[in-house]
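Residue numbers (our numbering), protein chains in the order written: chain A, 12 to 206; chain B, 12 to 206.
Quick notes on the structure that follows.
Protein chains: 2
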Amino acid sequence: MTALPPTRSRKAQIDGTATALFHARGFAATSMRELATAVGLEAGSLYSHVRSKEEILHRVCFGLAEEFFTAFDAATAATQQPVAQQLRQAIEAHVGVLTRDVAASSVFLHEWRHLSEPARTEFVALRDRYEAGFRALIQQGTAAGELRCPDPVFAALTLLASLNWLPTWYRPDGRLSPEDIAHRLAEQLLSGLAN
Amino acid sequence: MTALPPTRSRKAQIDGTATALFHARGFAATSMRELATAVGLEAGSLYSHVRSKEEILHRVCFGLAEEFFTAFDAATAATQQPVAQQLRQAIEAHVGVLTRDVAASSVFLHEWRHLSEPARTEFVALRDRYEAGFRALIQQGTAAGELRCPDPVFAALTLLASLNWLPTWYRPDGRLSPEDIAHRLAEQLLSGLAN
DNA sequence: TTTTTTTGCTAACGAGCGTTAGCAAGTATA
DNA sequence: TATACTTGCTAACGCTCGTTAGCAAAAAAA
Numbered sequence: 012m013t014a015l016p017p018t019r020s021r022k023a024q025i026d027g028t029a030t031a032l033f034h035a036r037g038f039a040a041t042s043m044r045e046l047a048t049a050v051g052l053e054a055g056s057l058y059s060h061v062r063s064k065e066e067i068l069h070r071v072c073f074g075l076a077e078e079f080f081t082a083f084d085a086a087t088a089a090t091q092q093p094v095a096q097q098l099r100q101a102i103e104a105h106v107g108v109l110t111r112d113v114a115a116s117s118v119f120l121h122e123w124r125h126l127s128e129p130a131r132t133e134f135v136a137l138r139d140r141y142e143a144g145f146r147a148l149i150q151q152g153t154a155a156g157e158l159r160c161p162d163p164v165f166a167a168l169t170l171l172a173s174l175n176w177l178p179t180w181y182r183p184d185g186r187l188s189p190e191d192i193a194h195r196l197a198e199q200l201l202s203g204l205a206n
Numbered sequence: 012m013t014a015l016p017p018t019r020s021r022k023a024q025i026d027g028t029a030t031a032l033f034h035a036r037g038f039a040a041t042s043m044r045e046l047a048t049a050v051g052l053e054a055g056s057l058y059s060h061v062r063s064k065e066e067i068l069h070r071v072c073f074g075l076a077e078e079f080f081t082a083f084d085a086a087t088a089a090t091q092q093p094v095a096q097q098l099r100q101a102i103e104a105h106v107g108v109l110t111r112d113v114a115a116s117s118v119f120l121h122e123w124r125h126l127s128e129p130a131r132t133e134f135v136a137l138r139d140r141y142e143a144g145f146r147a148l149i150q151q152g153t154a155a156g157e158l159r160c161p162d163p164v165f166a167a168l169t170l171l172a173s174l175n176w177l178p179t180w181y182r183p184d185g186r187l188s189p190e191d192i193a194h195r196l197a198e199q200l201l202s203g204l205a206n
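See the structure below:
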């Protein structure tokens, strides 16, 4: 039926296109008919590949959660390293995931609230656990005297905030590579602006 | 008709409730019927006070834009001060607006994309102009040797990112006052985490 | 070959959407 | 008092939504 077999499965293509649309317009403002058109199908045909609109959102959100965890664990596996170094690597890992797929990251960060229960609660728990990882690093670093901060909870929030704004301005064809960005972010967050 | 006359006008009440709903569920996922119920009216009755759903969003977004500009201008009016000090005040002013109305801030930050043209383009221009204000301060500060940063554009983005994440975690009844938060944020962003 | 699975179509379902028309009662103005 | 404005109601408009049923053709499996 298809002229050339798609390199990605239809399902993956639908997920990818949906991610882009959710990113651009938001989950609630994206219709299945829009998605179908963007993918070259009729609306009803989507349901041969996908159970529901929310299932797509679920897959994107939880898929990215897994990516973040994997990246974080790899970055902090070498526990004999100085904690500040581990933190720097965790930052770079986080930025790596964000830049690899900006649309998916953005959906992960903003559209998860359209998940219905119990998925929504599960997701929030995952996200909290991830944040706790950063918080723990900052705490350890402070205890070890490598970092200085009056309030690790606060510091973790601020740090992730800076990183998570990235999908709103990052462009893959921009002048800075993902590695540059990661490096500068880590540098600036750890050193501050003051002279 | 009403037992006790509302202290705010109905229109203001509708705007406020809509802001809370847009914040909680998002603009697209909030229905006029939901809003009507929350405000104690029937759906059709809203239109005695409000021209359209989007008009509410427009008022919230542009209203907050004005608040941000006013606060920034006041914070940086004393141009004879050191630029780093002006920047600190601008940060505190920004946090002040954010914490004064978290829901409205959140709508300002996230829901503006549901504005239709030409309002949307106007809004983006306003927002860019606001960011440019921070960028200029950082640039001046760097030129004057008060600040140190390799890339003011980048620094401005990061700085506003940290601040703008606040509405996602700030609770008015939390353990830190808005002033504490503003002060700590400014401190941390200017000084960094490293020791 | 026959059978099964996959993929896609058309048509339609019930529901909810933003919004409007027409009307009534209350309130303010004259 | 008469007049106008404000506020709210009910009912409904046209439309879009997510989703399903039923069917056909292609692809894969037997």
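Positions of the beta carbon are idealized from the N, C-alpha and C atoms, including for glycine.
By DSSP's criteria, residue i is part of a beta bridge. Which residues make up the other side?
i: Leu-201 (chain B); result: For Leu-201 (chain B), which the question treats as bridged, DSSP gives no partner whatsoever.
i: Leu-75 (chain A); result: In the DSSP output, where bridge partners are listed per residue, Leu-75 (chain A) has none listed.
So residue i contacts chain B; which residues on that side make the cut at Cβ distance below 8 Å?
i: Arg-195 (chain A); result: Pro-161, Asp-162, Phe-165
Using a C-beta to C-beta distance shorter than 8 Å, which residues of chain A count as neighbours of residue i?
i: Gln-199 (chain B); result: Cys-160, Phe-165, Ala-166, Thr-169, Gly-203
Output yes if chain B places a C-beta closer than 7 Å to the C-beta of residue i; else output no.
i: Gly-107 (chain A); result: no
i: Asn-206 (chain A); result: With a pLDDT of only 45 at Asn-206 (chain A), under the threshold of 50, the placement of this residue in the model should not be trusted, and no figure is reported.
i: Met-12 (chain A); result: Only weak support exists for where Met-12 (chain A) lies, its pLDDT of 38 falling under 50; the value from the coordinates is given anyway. It does not; no Cβ of chain B falls within 7 Å.
Closest Cβ-Cβ distance between residue i and chain A: below 7 Å?
i: Ser-56 (chain B); result: no
i: Ala-147 (chain B); result: no
Smallest Cα separation from residue i: which of the options?
i: Glu-190 (chain B); options: B:Thr-132, B:Gln-100, B:Arg-124; result: B:Gln-100
i: Ser-117 (chain A); options: A:Ile-102, A:Leu-170, A:Asn-175, A:Ala-197; result: A:Asn-175
i: Ala-166 (chain A); options: A:Val-135, A:Glu-142, A:Pro-93, A:Pro-129; result: A:Glu-142
i: Arg-146 (chain A); options: A:Ala-136, A:Leu-168, A:Phe-134; result: A:Leu-168
i: Thr-110 (chain A); options: A:Gly-55, A:Phe-79, A:Arg-36, A:Leu-57; result: A:Phe-79
i: Val-188 (chain B); options: B:Ala-40, B:Val-106, B:Leu-32; result: Going by the sequence as given, residue 188 (chain B) is Ser instead of Val. Selected option, being the one with the closest Cα: B:Val-106.
i: Ala-31 (chain A); options: A:Leu-170, A:Cys-160, A:Phe-119, A:Pro-161; result: A:Phe-119
i: Gln-92 (chain A); options: A:Gly-27, A:Gln-151, A:Arg-44; result: A:Gln-151
i: Ala-114 (chain A); options: A:Ser-173, A:Arg-44, A:Cys-72; result: A:Cys-72
i: Ser-56 (chain A); options: A:His-194, A:Leu-171, A:Lys-22, A:Thr-41; result: A:Lys-22
i: His-121 (chain A); options: A:His-69, A:Asp-184, A:His-194; result: A:His-69
i: Ser-173 (chain A); options: B:Leu-200, B:Pro-183, B:Ala-155; result: B:Leu-200
i: Ala-40 (chain B); options: B:His-125, B:Asp-112, B:Val-50; result: B:His-125
i: Ala-197 (chain A); options: A:Ile-25, A:Asp-84, A:Ala-104, A:Glu-66; result: A:Ala-104
i: His-34 (chain A); options: A:Trp-180, A:Glu-133, A:Val-164; result: A:Trp-180
i: Ile-67 (chain A); options: A:Gly-27, A:Ala-136, A:Val-135, A:Gly-51; result: A:Gly-27
i: Ile-192 (chain A); options: A:Pro-129, A:Val-108, A:Trp-123; result: A:Val-108
i: Thr-5 (chain A); options: A:Glu-65, A:Phe-83, A:Thr-90, A:Gln-24; result: Since the first residue shown for chain A is 12 and the last is 206, residue 5 (chain A) is missing from the structure and cannot be characterised.
i: Gly-144 (chain B); options: B:Glu-133, B:Arg-159, B:Cys-160, B:Leu-170; result: B:Leu-170
i: Asp-112 (chain B); options: B:Arg-182, B:Phe-134, B:Ala-155; result: B:Arg-182
i: Arg-19 (chain A); options: A:Arg-44, A:Gly-37, A:Val-50; result: A:Val-50
| When Cβ atoms are compared, which residues of the segment 64-95 of chain B fall closer than 9 Å to chain A? | Ala-95
Problem - Cβ-based contacts, 8 Å cut-off: residues of the segment 111-143 of chain B near chain A - result: His-121, Arg-124, His-125
- Item | Residues of the segment 173-192 of chain B whose Cβ lies closer than 9 Å to any Cβ of chain A, in chain order | Ser-173, Leu-174, Asn-175, Trp-176, Leu-177, Thr-179, Trp-180, Leu-187, Ile-192
Next item on the list: Using a Cβ-Cβ cut-off of less than 7 Å, give me the residues of the segment 20-49 of chain B that come near chain A, in sequence order.
Entry: Gly-37, Ala-39, Ala-40
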